[in-house]
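Participant: Residue numbers (the working numbering): 1 to 255.
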Amino acid sequence: MGVGAVLPGVSGGVLCVIFGIYQPLMEMLSHPKTGLQKYKHMIFPIVLGFLAGFVLLAGIIAKLAAKEATVVTSLFIGLIIGTLPDLFRDSARDGRTKACWIALFVSTAALLAVFMIIKYGMEVQLAPNVGWFLFCGGLWGLSMIAPGMTSSSILMLLGLYYPMTAGIAAMEPRVIIPFLLGIVVTVLLLARGINSLLTKRHGIICHCIIGFVIASTVPIIPTSFRDGREFVFSIAAAAVGFAAAYLLSKLDKTA
């Protein structure tokens, strides 16, 4: 989950589903009294693993991004696209109705319109501060409880992703404290509702999530490169990211 929290496209929620801990986690978050007692043996290793994966990988990404931001972004885009086939398959678990296609179209168009307005129609300069790091944590909390919802690509578009990961890697309290607070508050407020929606309207909600993933990816696709070398490396990075995400889902199916 920690790795999924840092890598755009590799949702922590999706990894929970893959490793079979999503349902126990939702039960613990939705009904803490009974859930924590039932799954208490899972709490420590999950929290320890999350922190280890998140902090260590955040530092690596911050260093790479400082040198080759376009190539790193292309890798992330490949990872995002590589998760889509598995998300489409999971979204059709109970069949794919007309309402599902409408949900996919509306969610994609609506969020993409918002991002395009922010990117091209408005001059938005988000200065990283405590409030925005709290917002980052809130988005991450949402991605943890909604499989397929990747917050990183949204934060990359808003210019908050790299300052946040750099702050986490450096263990800066002004970044880590509001970030963790945002995660906790979001999870506690929304876990029960999202769990109920995923149970009752699985297909529609999953198609909305796919739409959000697509819409948050399009605006971060690089459109300019320093030279031919950067272009070639960016294409290669996107291909590697796609293959890694796609093969991970295939490996899980055969495990």
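Think of the CB as a built atom: it goes at the ideal place given N, C-alpha and C, for glycine as much as any other residue.
Small disclaimer: the values here were computed from a predicted structure and weren't measured.
#1: DSSP on A237, reduced to helix/strand/coil?
#2: If I follow the unbroken alpha helix (DSSP H) through P163, where does it start and stop?
#3: Using three-state DSSP, classify A258 as helix, strand or coil.
#4: Drop a sphere of 10 angstroms on the beta-carbon of A109, count the other beta-carbons inside from all chains shown, and report buried for 16 or more, exposed for fewer.
#5: Which residue spans inside the segment 18-105 form an unbroken alpha helix (DSSP H) run of at least 4?
#6: Rounding to the nearest angstrom, what Cα-Cα distance links R229 and T186 in this structure?
#7: Compare the C-alpha of L180 against each of I145, E172, L134 and name the closest.
#8: With distance defined between alpha-carbon atoms, name the residue in G241, I61, M164, V114 nearest to V130.
#9: Taking only three categories from DSSP, how would you classify R192?
#10: Look up P128 in the DSSP assignment and say whether it is helix, strand or coil.
Facilitator: The short version:
#1: helix
#2: 161-169
#3: There is no way to answer for residue 258, as the model of the chain reaches only from 1 to 255.
#4: exposed
#5: Segments of the alpha helix (DSSP H) lying fully in the segment 18-105: 22-30, 32-38, 40-67, 69-91.
#6: 42 Å
#7: Looking from the CA of L180, the closest CA among I145, E172, L134 belongs to L134.
#8: M164
#9: helix
#10: The three-state reading of DSSP puts P128 in coil, since its state is none of H, G, I, E or B.
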